[in-house]
Amino acid sequence: MDFTTDVPIYIQIMELIKTDIVTGKLQKGEKMMSTRDLAVSLKVNPNTVQRVYRELEQEEVCFTKRGMGTFITEDEGKISELKESLADEKVKLFIEAMRSLNLNIEDVIRKIKFYEEASR
Amino acid sequence: MNYLINCINLQKNYLKKRALVNINLKFQEGKIYGLLGPNGSGKTTLMKVIADLHKQTGGEITICDEVPSHKTKAMVAYMPTENYVYSWMKVKEAVNFYRDMYNDFDMKKALELLSFMDIDLEQKVGSLSTGQRARLKITLTISRKVKIYMLDEPLNGLDPISRAKIKECIIDQFDEGSTMIISTHLVDEIEQILDEVIFLEKGEVVLQGETEEMRIKRGQSLEEIYREVYKHA
Numbered sequence: 053m054d055f056t057t058d059v060p061i062y063i064q065i066m067e068l069i070k071t072d073i074v075t076g077k078l079q080k081g082e083k084m085m086s087t088r089d090l091a092v093s094l095k096v097n098p099n100t101v102q103r104v105y106r107e108l109e110q111e112e113v114c115f116t117k118r119g120m121g122t123f124i125t126e127d128e129g130k131i132s133e134l135k136e137s138l139a140d141e142k143v144k145l146f147i148e149a150m151r152s153l154n155l156n157i158e159d160v161i162r163k164i165k166f167y168e169e170a171s172r
Numbered sequence: 102m103n104y105l106i107n108c109i110n111l112q113k114n115y116l117k118k119r120a121l122v123n124i125n126l127k128f129q130e131g132k133i134y135g136l137l138g139p140n141g142s143g144k145t146t147l148m149k150v151i152a153d154l155h156k157q158t159g160g161e162i163t164i165c166d167e168v169p170s171h172k173t174k175a176m177v178a179y180m181p182t183e184n185y186v187y188s189w190m191k192v193k194e195a196v197n198f199y200r201d202m203y204n205d206f207d208m209k210k211a212l213e214l215l216s217f218m219d220i221d222l223e224q225k226v227g228s229l230s231t232g233q234r235a236r237l238k239i240t241l242t243i244s245r246k247v248k249i250y251m252l253d254e255p256l257n258g259l260d261p262i263s264r265a266k267i268k269e270c271i272i273d274q275f276d277e278g279s280t281m282i283i284s285t286h287l288v289d290e291i292e293q294i295l296d297e298v299i300f301l302e303k304g305e306v307v308l309q310g311e312t313e314e315m316r317i318k319r320g321q322s323l324e325e326i327y328r329e330v331y332k333h334a
């Protein structure tokens, strides 16, 4: 896995996991890889992955069963909340990019509709 | 906090040349440290003082609260840059040699790692490729069970596959009860696996800190920070 190294790696891994949850690659209630295995497969420091799990737990995206490992939340409300916030982030970035091109919002909406129809 | 290495105003001179100047550093259990800097900045000298291969000229150093001695030597596994494994030996003999040299050598782990590293036990060390030799060196070092692991330039001059294997081995085998110090100037290769970094220049610590915090504070990669720190080096 390649990371942009000017952004903290733990934040990028959190995004990866959240995206996998929202897209269903990781199912609700599913057991997550051990921190060591995930560190090896992503080729990052094991402490970084531990931090990821700690932060995700604080955000209640996952939970730990003592001696059994870390699991994805079973709360569907939480998962749709994740989906919303990921979508919001992407839209915000998109709008910023469009603004930097000096496009007004009507033009942008027209473009979105056009390409959405064209890609059907 | 459990500090395994503590340097206080550490100094090392080679005749009149100052190789280490007032080094104050602490190394904590459970962390992987990057020792960064161009050639001649003091990385190897610092490692050799920690390994008790060199005596400091001034200041203090303790390894697990003890001054360097044969006792602390047994707590340190140091992999120098040189090819120190006898080339006339077979890989198998080199491994046995290590087992005989070090009480803490884990034979089972060594054999597992050698197979992961794709190294044939029957091959002569002298006929191994550069990448294979580097993989053998790291296997021998990591198969010891110690408190402090030091790898001097483990990725230099290696092909991408050897580098990937070595990195994977470091991550997989890292023991939370120990500390690991990796010296390099190939920062972008290794920055994902470092907890903390220490930048040395002309024997002095010019910057140090947690890698993730540095990224947050500066919005830069270690590679970019490295270029900034050493722009006039």
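So the protein lines, in turn, are chains A and B. So the number in my numbering is just where the residue sits in the first sequence, counting from 1, plus 52. So the number in my numbering is just where the residue sits in the second sequence, counting from 1, plus 101. In this text, a Cβ means the ideal position worked out from N, Cα and C, and glycines have one as well. Being a predicted model, the structure only gives us computed values, none of them experimental.
In this chain, the beta strand (DSSP E) harbouring residue 108 of chain B covers 104-115.
For residue 129 of chain A, there is no enclosing beta strand (DSSP E); the enclosing alpha helix (DSSP H) covers residues 128-152. Where residue 195 of chain B is concerned, the enclosing alpha helix (DSSP H) starts and stops at 192-202.
Non-local C-beta neighbours of residue 104 of chain A in its own chain, meaning closer than 6 Å and more than five positions away in sequence, comprise 62, 65, 66, ordered along the chain. Approximately 13 Å separates the beta-carbon atoms of residue 214 of chain B and residue 263 of chain B; this is outside 8 Å, ruling out the contact. Contact with chain B is absent for residue 125 of chain A, since none of that chain's Cβ atoms lies less than 8 Å from the residue's Cβ. Look at residue 160 of chain A: its C-beta is not under 8 Å from any C-beta on chain B. Contact check for residue 148 of chain B and residue 294 of chain B: beta-carbon distance about 18 Å, past the 8 Å limit, so the pair fails to qualify. At a cut-off of 8 Å between beta-carbon atoms, residue 214 of chain B makes no contact with chain A. Chain-order list of chain A residues neighbouring residue 292 of chain B: 57, by C-beta distance under 7 Å. In the structure shown, the three-state DSSP call for residue 165 of chain B is coil. With a minimum length of 3 residues, the unbroken runs of beta strand (DSSP E) contained wholly in the stretch 101-130 of chain A fall at 114-117, 121-124.
Taking the Cα positions, residue 150 of chain B is about 28 Å away from residue 269 of chain B. Not flagged as an interface residue toward chain A: residue 233 of chain B, since no C-beta distance is shorter than 8 Å. Taken in chain order, the complete alpha helix (DSSP H) segments of 4 residues or longer contained in the stretch 210-288 of chain B are 231-243, 261-274. It is roughly 15 Å from the alpha-carbon of residue 79 of chain A to the alpha-carbon of residue 108 of chain A.
In the three-state reduction of the DSSP assignment, residue 62 of chain A falls in the helix class, which pools H, G and I. Collapsing the DSSP output to three states places residue 327 of chain B in a helix.
With fewer than 16 other CB atoms across the displayed protein chains lying within 10 angstroms of its CB, residue 202 of chain B is exposed.
Within the same chain, and ignoring the five residues on either side of residue 114 of chain B in sequence, the residues whose Cβ sits closer than 7 Å to its Cβ are 120, 158. Looking at the backbone, the Cα of residue 253 of chain B and that of residue 169 of chain B are separated by about 19 Å. If you look at residue 172 of chain A, you'll find it isn't in any beta strand (DSSP E); DSSP assigns it neither H nor E. The shortest C-alpha to C-alpha distance from residue 112 of chain B to any of B/125, B/225, B/290, B/105 is the one to B/125.
For residue 285 of chain B, the CB contacts under 7 Å within the same chain, skipping 5 residues up- and downstream, are 135, 137, 254, 256, 291 in chain order. In the displayed model, residue 127 of chain B falls within a strand according to three-state DSSP. At a beta-carbon threshold of 7 Å, none of the residues of chain B lie near residue 74 of chain A; the nearest stands roughly 24 Å away.
Going by DSSP, residue 150 of chain B is part of no beta strand (DSSP E) but of the alpha helix (DSSP H) stretching over 144-151. Contact between residue 81 of chain A and residue 126 of chain A holds: their C-beta atoms lie close to 5 Å from each other, under 8 Å. Classified as buried, residue 60 of chain A has 16 or more neighbouring CB atoms from the shown chains inside 10 Å of its CB. Taking a Cβ-Cβ cut-off of 7 Å, the neighbours of residue 320 of chain B in chain A comprise 58, given in sequence order. Boundaries for residue 91 of chain A: no beta strand (DSSP E) harbours it, while the alpha helix (DSSP H) harbouring it runs 87-94, taken from the DSSP string. When CB distances to chain A are screened at a threshold of 9 Å, the residues of the stretch 122-142 of chain B falling below it are 131, 132, 133, in chain order.
Under the 8 Å criterion on CB atoms, residue 105 of chain A is classed as non-interfacial with respect to chain B. Rounded to the nearest whole angstrom, the C-alpha separation of residue 160 of chain A and residue 218 of chain B is 53 Å. With a contact defined as Cβ atoms closer than 8 Å, residue 57 of chain A and residue 323 of chain B qualify at about 7 Å.
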